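Chains as they are written, first to last, in our numbering: chain A, 169 to 247; chain B, 112 to 291.
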Amino acid sequence: MPAEHLTVKTLSRLDARPASAPAVKSPRQPERAAPPTLAEARKRLAAARGGSQPWLAPAVAEAPDDVPEVMGPETYRKV
Amino acid sequence: MTRPPLGRGGRSSAETRYRELRHLAFQAAQDDLVAAGVNAELRAIDATALAAFGTWPARRVAWPWPEMAADWRRGHPDRFELAVWSGDALCALALGRPSSGASHMALYFMEGSPDPGHPLRRKVATMVITALRAYAIALGKGELRLVDPLPEVIPFYCSPAMGFELVRPRMEAPYCRRSI
Chain A
169 MPAEHLTVKT LSRLDARPAS APAVKSPRQP ERAAPPTLAE ARKRLAAARG
219 GSQPWLAPAV AEAPDDVPEV MGPETYRKV
Chain B
112 MTRPPLGRGG RSSAETRYRE LRHLAFQAAQ DDLVAAGVNA ELRAIDATAL
162 AAFGTWPARR VAWPWPEMAA DWRRGHPDRF ELAVWSGDAL CALALGRPSS
212 GASHMALYFM EGSPDPGHPL RRKVATMVIT ALRAYAIALG KGELRLVDPL
262 PEVIPFYCSP AMGFELVRPR MEAPYCRRSI
């Protein structure tokens with residue numbers, strides 16, 4: 169199809185197009201809530217521990233010898 | 112309860128508050144590790160840790176920890192940032208961050224010292240996850256996630272001893288999840 173040259177006809181058609189939509193602003197990142205207070209954090213930690221009971225079982229889980237002590241993707245990508 | 116968002120100038124105060132929260136959580140986790148007979152110290156990734164990291168021999172991954180720590184400090188005041196020590200030996204480094212809601216705390220990077228003789232060899236995962244869990248509890252999160260694990264570590268994390276399950280979301284990296 170041959171290229172269409174701008175003529176009065178095509179220009180009027182262009183004029184008839186709806187105005188382009190205003191630039192869409194990227195939505196703002198949701199604002200993060202304020203951090204808990206230290207007193208709240210202490211309370212949560214104490215509740216999770218169930219008083220003086222430690223979280224951990226007496227035996228600490230050990231990885232098998234052939235499991236690499238690495239977690240994450242092979243290459244670092246900036247966050 | 113919905114908390115008000117951080118206001119203007121809240122960035123530095125948020126940084127300070129989260130640093131205190133990490134310290135509190137790491138202290139609680141460390142107390143339990145010591146009670147379980149593990150001589151481990153849980154600290155932030157500071158200049159001492161990065162200097163010790165510079166002495167690590169041949170590694171499995173080539174992650175640039177100094178650059179990573181700086182990147183995460185700029186963008187995430189609430190980050191999970193951990194250096195695991197035993198005496199003078201740096202045994203592991205880790206980075207993660209919480210979800211914006213109450214959902215989860217995610218671990219994105221963890222690397223144990225490649226020195227086969229380091230004092231916490233084979234215990235690094237337990238150290239890091241204990242600290243991750245304590246910080247998650249302090250912030251009121253409901254689950255832990257280990258993002259994009261290497262395939263060869265998945266059976267260990269999904270074993271009964273560690274208690275995670277693998278999730279493979281469409282269009283996103285797989286992760287292991289566990290309730291707090």
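Where a beta carbon is used, it is the ideal one built from N, C-alpha and C, also for glycine.
Note that this is a predicted model, so its numbers are computed, not measured.
Distance check between P225 (chain B) and each of A:T243, A:Y244, A:R245, A:D234 places A:D234 closest, using alpha-carbon atoms only. Annotated three-state conformation of E126 (chain B) is helix, per DSSP. Within the region 219-231 of chain B, Y219, F220, M221, E222, G223 place their CB atoms closer than 7 Å to a CB of chain A, listed in sequence order. Within the model, the alpha-carbon separation for G198 (chain B) versus G148 (chain B) is close to 14 Å.
L218 (chain B) is positioned such that its CB atom lies no closer than 8 Å to that of P236 (chain A). The C-alpha of L193 (chain B) is placed about 5 Å away from the C-alpha of A205 (chain B). The Cβ-Cβ distance between P241 (chain A) and D182 (chain B) does not fall below 8 Å. Excluding residues up to 5 positions away in sequence, L153 lie with their Cβ nearer than 6 Å to the Cβ of Q141 (chain B) in the same chain. At least one C-beta of chain B is nearer than 8 Å to the C-beta of G240 (chain A). Taking the Cα of A151 (chain B) as reference, the smallest distance to any Cα among B:T241, B:E283, B:L255 is reached at B:T241. Rounded to the nearest angstrom, the gap between the Cα atoms of P280 (chain B) and A209 (chain A) is 31 Å.
According to DSSP, residue pairing for M216 (chain B) in a beta bridge involves B:P209, B:L255.
The beta carbon of L135 (chain B) sits closer than 8 Å to those of A249, all from its chain and outside the five residues before and after it, given in chain order. At a cut-off of 8 Å between beta-carbon atoms, A231 (chain A) makes contact with chain B.
DSSP, read as helix, strand or coil, puts W196 (chain B) in strand. By alpha-carbon distance to Y129 (chain B), the top candidate from B:M273, B:L277, B:A247 is B:A247.
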